[in-house]
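Visitor:
Protein chains: 2
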Amino acid sequence: MTSPSPTADRLTTSDPGPRTEPVLQALAAALPVEALVTGDAALERYSHDEAEWAPYALPLAVVRPRTAEQVQAVVRVCLEHGTPVVPRGGGTGLSGGANAVPGCVVISLEAMDAVLEIDLLERYAVVQPGVINDQLRAAAAEQGLWYPPDPASAPWSTIGGNVATNAGGVCCVKYGVTRDYVLGLQVVTGTGELVRVGRRTAKGVTGYDLTALLVGSEGTLGVVTEITVRLRPARPPEQTVVGFFSSLVAAGEAVGEVVRSGVTPSALELLDQQCLRAVDDWKQLGLSTDAAVILLGRVDSPGAAGDAEAETVRACFAAAGATWAARSTDPDEAEALFSARRLAYPALERLGPVLTEDVCVPLRAVPTMLARIEEVAARHDVRIANLAHAGDGNLHPLLVTPPGDDAARARAQAAFEEIHAAAIALGGTVTGEHGVGLLKRGGLQAETEPAVVAMYRAVRHALDPHGILNPGKVVE
Amino acid sequence: MTSPSPTADRLTTSDPGPRTEPVLQALAAALPVEALVTGDAALERYSHDEAEWAPYALPLAVVRPRTAEQVQAVVRVCLEHGTPVVPRGGGTGLSGGANAVPGCVVISLEAMDAVLEIDLLERYAVVQPGVINDQLRAAAAEQGLWYPPDPASAPWSTIGGNVATNAGGVCCVKYGVTRDYVLGLQVVTGTGELVRVGRRTAKGVTGYDLTALLVGSEGTLGVVTEITVRLRPARPPEQTVVGFFSSLVAAGEAVGEVVRSGVTPSALELLDQQCLRAVDDWKQLGLSTDAAVILLGRVDSPGAAGDAEAETVRACFAAAGATWAARSTDPDEAEALFSARRLAYPALERLGPVLTEDVCVPLRAVPTMLARIEEVAARHDVRIANLAHAGDGNLHPLLVTPPGDDAARARAQAAFEEIHAAAIALGGTVTGEHGVGLLKRGGLQAETEPAVVAMYRAVRHALDPHGILNPGKVVE
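Line order of the protein sequences matches chains A and B.
Numbering (full-length UniProt numbering) for the first sequence: 1 to 476.
Numbering (full-length UniProt numbering) for the second sequence: 1 to 476.
What follows is the structure in structure tokens.
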């Protein structure tokens with residue numbers, strides 16, 4: 001694996017190790033010819049996710065199974081040969097969770113992309129792991145139903161990847177995260193069994209909740225081959241409230257005002273001028289503004305209740321010192337602002353390698369945490385753009401470094417770790433929704449008492465006794 | 001342990017085994033004098049929960065710790081002596097999960113009954129496990145907040161017990177179950193460590209979700225000593241809709257109508273004439289009716305949206321053939337009907353030993369399942385009263401036998417198992433919210449594929465390597 005040092009680069013992968021032909025032969029025997037991907041260019045394409053700073057190796061092989069039985073066959077081959085297995089969804093992860101490790105087989109689930117069933121009465125969908133988040137949402141919407149979890153990567157990330165990382169998103173401030181919607185899973189286990197866990201009924205407490213345990217386990221406890229998600233009825237249209245603020249801290253105070261008001265917004269997003277400018281330079285959405293920071297609030301209660309909530313959010317923005325705050329009367333403008341929110345990460349990536357934070361702090365600590373981020377940026381001379389699911393206290397400071405500037409990378413790495421430490425000191429966590437992967441392993445150790453890390457290891461060993469599932473990720 | 005045969009009786013407990021004095025001496029040394037309960041009468045009181053048909057033994061000792069450190073000391077003493085530990089909340093369980101096993105120490109958490117903190121801004125409460133559900137709800141309400149999970153046992157059951165069984169209740173049809181509200185736990189582990197798992201932030205994905213795993217684990221993976229629960233803002237007042245039906249199946253069809261309407265009720269409860277009469281005979285609430293079955297619907301959307309929902313529910317009841325359906329204009333009457341719902345179980349218990357089912361089936365299977373229950377009751381000549389969280393498909397047929405009638409008990413036991421089998425055949429589960437405990441162990445095996453049972457065992461062994469935590473419960 002390449003080193004995570006500031007001089008590591010995406011293309012300077014280390015030697016992938018000897019081509020252990022027996023595994024490749026066994027895979028070729030077990031799979032249809034089109035399911036086995038070979039050739040260094042193709043292998044490179046599947047060797048890492050979007051965590052640009054995380055180390056990775058070239059995999060021994062990449063497989064693109066089309067059925068759960070093919071996934072099981074691959075895991076069984078890998079068990080026989082002691083070969084590590086790295087499951088992979090859309091490759092949009094931001095922590096290196098899908099990065100290839102030396103000598104591994106990457107199982108890309110992208111070809112298992114069918115929405116198998118949508119049950120209108122029971123309100124669930126059964127999907128294969130390669131279904132794109134937005135595709136599931138569209139399929140549900142056709143039936144008058146709604147799948148809430150909406151990570152910014154929704155147009156590109158898969159439900160399987162969302163399950164692996166317990167993905168969040170914009171609406172989870174009101175509607176919860178992926179784990180809140182996963183009813184059941186079909187999984188290939190660390191011992192090569194193909195099993196179903198969970199349920200399709202509204203309730204059920206038979207046995208341990210392995211479903212909740214597997215969600216967010218980043219491919220280290222099983223390879224998910226099918227997912228049953230709970231759906232909600234379609235909701236009323238949202239109303240958008242926009243606030244301009246002269247500082248990050250003022251915007252952070254406005255978040256506290258909204259929470260104290262008792263309104264639960266359906267979105268409460270923060271984005272700073274750097275994010276807006278980067279998107280505007282790329283997509284020409286005409287969004288640039290003199291405001292240093294924008295808060296985007298949404299509410300979705302029906303009828304007059306929604307009107308009252310929108311007015312409350314507007315008043316909270318104003319009370320916290322917004323330089324401008326108004327309910328958006330132009331749906332296109334509101335949509336453009338939320339598009340900017342989704343496009344901010346790829347827009348900033350165009351400017352240079354981005355190191356993405358994902359800290360989550362208590363709500364009352366949001367202004368303090370934002371101030372710490374500014375202070376860290378100034379002290380280390382690092383460019384930090386700020387995005388946040390502010391209503392959850394889930395902040396995404398994005399550390400942008402000029403391409404090829406090793407000194408800037410070293411400073412950014414130091415800032416990254418200081419931001420982790422600050423979040424932990426404020427009672428927060430190093431990862432709110434992106435997962436531990438490779439980049440937050442140190443953060444996990446810093447945040448978690450050793451006896452709990454020992455429990456993680458014990459559970460991992462119980463379900464992956466041969467240590468072949470995504471080794472080196474989350475906890476060693 | 002007494003046998004679960006039809007001739008078993010609550011008072012004919014078997015020999016508790018030798019009094020292994022070293023354990024008692026070690027406990028006495030580790031605890032304040034008032035925390036160690038002795039004397040057979042006292043031990044008997046702590047030897048079982050309300051699952052009248054489940055076997056139990058007299059414990060070796062009962063401890064009533066006041067601090068987490070005392071719980072830890074007890075677990076460490078028990079580890080040293082290889083003594084089983086049985087954690088216990090309010091003793092209102094219905095599956096035998098808290099029943100004493102031979103030679104065990106029962107840890108009653110009832111004296112740890114403090115609400116430690118309610119955080120208005122972050123919307124969580126930190127409580128000790130012995131806090132009664134209704135007490136937490138009242139403490140939250142004083143702050144304008146709401147703890148939704150509301151099992152019928154809310155006036156008597158503890159939050160610790162609710163966590164152990166992942167308790168449901170009336171409002172979970174809209175608001176989810178206990179697991180959906182537990183953010184974090186302090187736990188004494190199977191190796192005697194005192195640890196914290198989970199978080200207090202809105203989101204967090206660092207490490208595996210041990211919190212979700214521990215919820216519903218019935219004291220087999222750790223002894224919970226503190227619980228952090230998420231709270232919601234207080235909600236608008238509910239409106240109640242009452243429907244009378246001439247048959248169980250007609251009421252079941254009405255449930256389907258409500259679900260198809262797109263309305264998510266905040267309660268959708270079924271109770272039959274036998275339940276109403278039993279409550280009326282006991283409490284004289286004046287509820288008796290000629291209707292064979294009553295559905296109680298509630299909605300809680302704000303303002304005009306709530307009015308529209310209530311009207312929709314009424315129309316659904318009427319469309320499914322209700323003999324009478326109306327929005328309740330008398331809040332006292334509505335409250336009395338929901339009281340009857342909560343009191344039905346203790347009211348029926350006055351008539352003889354009750355064997356409580358807790359099956360949960362897909363919503364479209366509710367009418368079929370209700371018909372099967374009637375058919376099983378008739379065929380086995382067993383008196384079965386019906387209660388249900390109908391909107392969840394979670395049915396509680398209550399098998400009532402005359403005291404001392406062994407033949408009736410044998411018939412009830414056969415009916416009990418047939419109802420399990422019918423629920424599984426319809427895609428359901430043997431336990432929606434009461435837990436496996438002792439009574440549903442066979443049901444768990446029938447419902448769960450062997451490879452998944454093996455995963456349960458592996459996880460259990462990982463977290464309780466010495467096998468001292470509530471042995472014999474859930475899975476052996």
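For glycine and all other residues, C-beta sits at the position ideal for the given N, C-alpha and C.
Name, please, each residue of chain A whose Cβ falls closer than 8 Å to the Cβ of G243 (chain B).
Guide: Looking up residue 243 (chain B) in the second sequence gives position 243. Those do not exist, as G243 (chain B) stays about 19 Å from chain A at its closest Cβ, beyond 8 Å.
Visitor: Is the CB of K174 (chain B) under 8 Å away from at least one CB in chain A?
Guide: Position 174 of the second sequence, counted from the start, is the residue given in the question as residue 174 (chain B). Chain A, which has no Cβ nearer than 8 Å to the Cβ of K174 (chain B), makes this no.
Visitor: Of all Cβ atoms in chain A, is any one closer than 8 Å to the Cβ of Y181 (chain B)?
Guide: Start at 1 with the first residue of the second sequence, and residue 181 (chain B) comes out as number 181. It does not: the Cβ of Y181 (chain B) has no partner Cβ on chain A nearer than 8 Å.
Visitor: Along the stretch 292–313 of chain A, where does the CB come closer than 8 Å to a CB of chain B? Name the residues.
Guide: Listed by position, the residues of the stretch 292–313 of chain A near chain B (Cβ gap below 8 Å) are S301, P302, G303, A304, A305.
Visitor: For a cutoff of 8 Å on Cβ pairs, would you count A164 (chain B) as touching chain A?
Guide: In the second sequence, the residue the question calls residue 164 (chain B) occupies position 164. So, not an interface residue.
Visitor: Let me make sure I understand the geometry here. Which of B:A152, B:V33, B:E122, B:L116 has the alpha-carbon closest to that of L136 (chain B)?
Guide: If you number the second sequence from 1, residue 136 (chain B) lands on position 136. Among B:A152, B:V33, B:E122, B:L116, the Cα nearest to that of L136 (chain B) is on B:L116.
Visitor: Among residues of its own chain, excluding the 5 on either side of V354 (chain A), which ones have a beta-carbon nearer than 6 Å to its beta-carbon?
Guide: Residue numbering aside, residue 354 (chain A) sits at position 354 when the first sequence is read from its first letter. L348, L398, V400.
Visitor: Among the residues of its own chain, which have a CB less than 6 Å from the CB of S328 (chain B), if the five just before and after it don't count?
Guide: What you label residue 328 (chain B) is simply residue 328 of the second sequence in a count that begins at 1. Closer than 6 Å at Cβ, skipping near neighbours: T240, V242, A334.
Visitor: Does any CB atom of chain B fall closer than 8 Å to the CB of Y345 (chain A)?
Guide: In the first sequence, residue 345 (chain A) corresponds to position 345, counting from 1. Not one chain B Cβ lies under 8 Å of Y345 (chain A).
Visitor: Over what stretch of residues does the beta strand (DSSP E) that includes H389 (chain A) continue unbroken?
Guide: Residue numbering aside, residue 389 (chain A) sits at position 389 when the first sequence is read from its first letter. Looking at the DSSP string, the run of the beta strand (DSSP E) that includes H389 (chain A) is 383–389.
Visitor: Is it buried or exposed for R45 (chain B), if we count other Cβ within 10 angstroms and need 16 for buried?
Guide: To locate residue 45 (chain B), count along the second sequence from 1; it is residue 45. Result: exposed.
Visitor: Please confirm whether C360 (chain B) has its beta-carbon closer than 8 Å to some beta-carbon of chain A.
Guide: Within the second sequence, residue 360 (chain B) is the residue found at index 360, counting from 1. Answer yes: the Cβ-Cβ gap between C360 (chain B) and chain A drops below 8 Å somewhere.
Visitor: Can you tell me whether DSSP reads H396 (chain A) as helix, strand or coil?
Guide: As a first step, residue 396 (chain A) must be located in the first sequence, where it is residue number 396. It is a strand residue.
Visitor: What residue range is occupied by the uninterrupted alpha helix (DSSP H) comprising L370 (chain A)?
Guide: On the first sequence, position 370 is the one that residue 370 (chain A) refers to. Its alpha helix (DSSP H) spans residues 366–380.
Visitor: Measure the alpha-carbon distance for A8 (chain B) versus G404 (chain B) and round it to whole angstroms.
Guide: Looking up residue 8 (chain B) in the second sequence gives position 8. Looking up residue 404 (chain B) in the second sequence gives position 404. For A8 (chain B), the predicted structure reports a pLDDT of 36, less than 50, and the residue's modelled location is therefore unreliable. The matter cannot be settled from this model.
Visitor: From the beta carbon of D392 (chain A), is the nearest beta carbon of chain B less than 8 Å away?
Guide: To locate residue 392 (chain A), count along the first sequence from 1; it is residue 392. Yes, its Cβ sits closer than 8 Å to a Cβ of chain B.
Visitor: Can you check DSSP and say which residues form a bridge with V241 (chain A)?
Guide: The residue you call residue 241 (chain A) lines up with position 241 of the first sequence. Partner(s): A:G297, A:R327.
Visitor: Please report the residue range of the alpha helix (DSSP H) in which E269 (chain A) lies.
Guide: By 1-based counting over the first sequence, the position of residue 269 (chain A) is 269. Run containing E269 (chain A): none in the alpha helix (DSSP H); it sits in the beta strand (DSSP E), 267–272.
Visitor: Can you tell me whether DSSP reads A125 (chain A) as helix, strand or coil?
Guide: As a working note, residue 125 (chain A) is residue 125 in the first sequence. Of the three classes helix, strand and coil, the one that applies to A125 (chain A) here is strand, per DSSP.
Visitor: Suppose contacts are defined by Cβ-Cβ distances below 8 Å. Is D358 (chain B) in contact with G467 (chain B) by that definition?
Guide: As a first step, residue 358 (chain B) is located in the second sequence; it is residue number 358 there, counting from the start. As a first step, residue 467 (chain B) is located in the second sequence; it is residue number 467 there, counting from the start. Taking 8 Å as the Cβ cut-off, D358 (chain B) and G467 (chain B) do not qualify as a contacting pair.
Visitor: If you run the structure through DSSP and keep just helix, strand and coil, what is E433 (chain A)?
Guide: Along the first sequence, one-based indexing puts residue 433 (chain A) at 433. If DSSP states are grouped into helix, strand and coil, E433 (chain A) belongs with coil.
Visitor: Can you give me the Cβ contacts of P4 (chain B) inside the same chain, cut-off strictly under 7 Å, excluding the 5 residues immediately before and after it?
Guide: Translated into positions along the second sequence, residue 4 (chain B) becomes position 4. With a pLDDT of 41 at P4 (chain B), under the threshold of 50, the predicted position of this residue should be treated as unreliable, though the coordinate-derived value follows. The residues are W53, A54, P55.
Visitor: Under 8 Å Cβ-Cβ, which residues of chain B neighbour R200 (chain A)?
Guide: Mapped onto the first sequence, residue 200 (chain A) falls at position 200. Residues of chain B passing the Cβ test: P362, G427.
Visitor: Whose CA, out of A:A292, A:A371, A:R123, A:A365, lies closest to the CA of R364 (chain B)?
Guide: Here residue 364 (chain B) refers to the residue found at position 364 when the second sequence is read from its first residue. For R364 (chain B), the nearest C-alpha among the options comes from A:R123.
Visitor: In whole angstroms, give me the CA-to-CA distance for A140 (chain B) and A125 (chain B).
Guide: Locating residue 140 (chain B) in the second sequence gives position 140, where the first residue counts as 1. Locating residue 125 (chain B) in the second sequence gives position 125, where the first residue counts as 1. When rounded, the distance between both Cα atoms is 8 Å.
Visitor: Go ahead and label Q128 (chain A) buried or exposed: buried means 16 or more other beta carbons lie within 10 angstroms of its beta carbon, across all protein chains shown.
Guide: In the first sequence, residue 128 (chain A) corresponds to position 128, counting from 1. With 16 or more other Cβ atoms within 10 Å, it is buried.
Visitor: In the DSSP assignment, what residue or residues form a beta bridge with Q360 (chain B)?
Guide: In the second sequence, counting from the first residue as 1, residue 360 (chain B) sits at position 360. Here the sequence assigns Cys to residue 360 (chain B), which means Gln is not the residue at that position. Bridge partners of C360 (chain B): B:N394, B:T429.
Visitor: Inspect the CB distances between the stretch 262–280 of chain A and the stretch 210–221 of chain A and report whether three or more fall short of 8 Å.
Guide: Judged by Cβ distances under 8 Å, the stretch 262–280 of chain A makes no contact with the stretch 210–221 of chain A, as fewer than three pairs qualify.
Visitor: Could you pull the start and end residues of the beta strand (DSSP E) that A61 (chain A) belongs to?
Guide: One-based indexing of the first sequence puts residue 61 (chain A) at position 61. Element bounds for A61 (chain A): 61–63.
Visitor: Could you compute how far the alpha carbon of G17 (chain A) sits from the alpha carbon of E226 (chain A)?
Guide: Residue mapping note: residue 17 (chain A) aligns to position 17 of the first sequence, counting from 1. Residue mapping note: residue 226 (chain A) aligns to position 226 of the first sequence, counting from 1. For G17 (chain A), the pLDDT reaches just 48, beneath the cut-off of 50, and the residue's location in the model is therefore unreliable, although a value from the coordinates is still provided. The alpha-carbon atoms of G17 (chain A) and E226 (chain A) are separated by roughly 33 Å.
Visitor: Run through DSSP, which three-state label would P450 (chain B) get?
Guide: Indexing the second sequence from 1 puts residue 450 (chain B) at position 450. Residue state, collapsed to three classes: helix.
Visitor: Can you pull the chain A residues whose beta carbon is under 7 Å from the beta carbon of R441 (chain B), in chain order?
Guide: The sequence position of residue 441 (chain B) within the second sequence is 441, counting from 1. Under the 7 Å cutoff, chain A gives no residues; its nearest Cβ is about 10 Å from R441 (chain B).
Visitor: Just verifying my parser: in three-state terms, what is the DSSP assignment at L463 (chain B)?
Guide: Reading the second sequence from its first residue, position 463 is the one you call residue 463 (chain B). If DSSP states are grouped into helix, strand and coil, L463 (chain B) belongs with the helices.
Visitor: In chain order, which continuous runs of the beta strand (DSSP E) of length 3 or greater are located wholly inside the stretch 69–105 of chain A?
Guide: The stretch 69–105 of chain A contains these whole beta strand (DSSP E) runs: 85–88.
Visitor: Any beta carbon from chain B within less than 8 Å of A462 (chain A)'s own beta carbon?
Guide: Here residue 462 (chain A) refers to the residue found at position 462 when the first sequence is read from its first residue. Judged by the 8 Å Cβ criterion, A462 (chain A) is in contact with chain B.
Visitor: If A278 (chain A) sits next to L183 (chain A), beta carbons under 8 Å apart, how far is it from one beta carbon to the other, in whole angstroms?
Guide: Taking the first sequence and counting its residues from 1, the one referred to as residue 278 (chain A) is at position 278. Taking the first sequence and counting its residues from 1, the one referred to as residue 183 (chain A) is at position 183. Wrong, their Cβ atoms sit about 38 Å apart, outside the cutoff.
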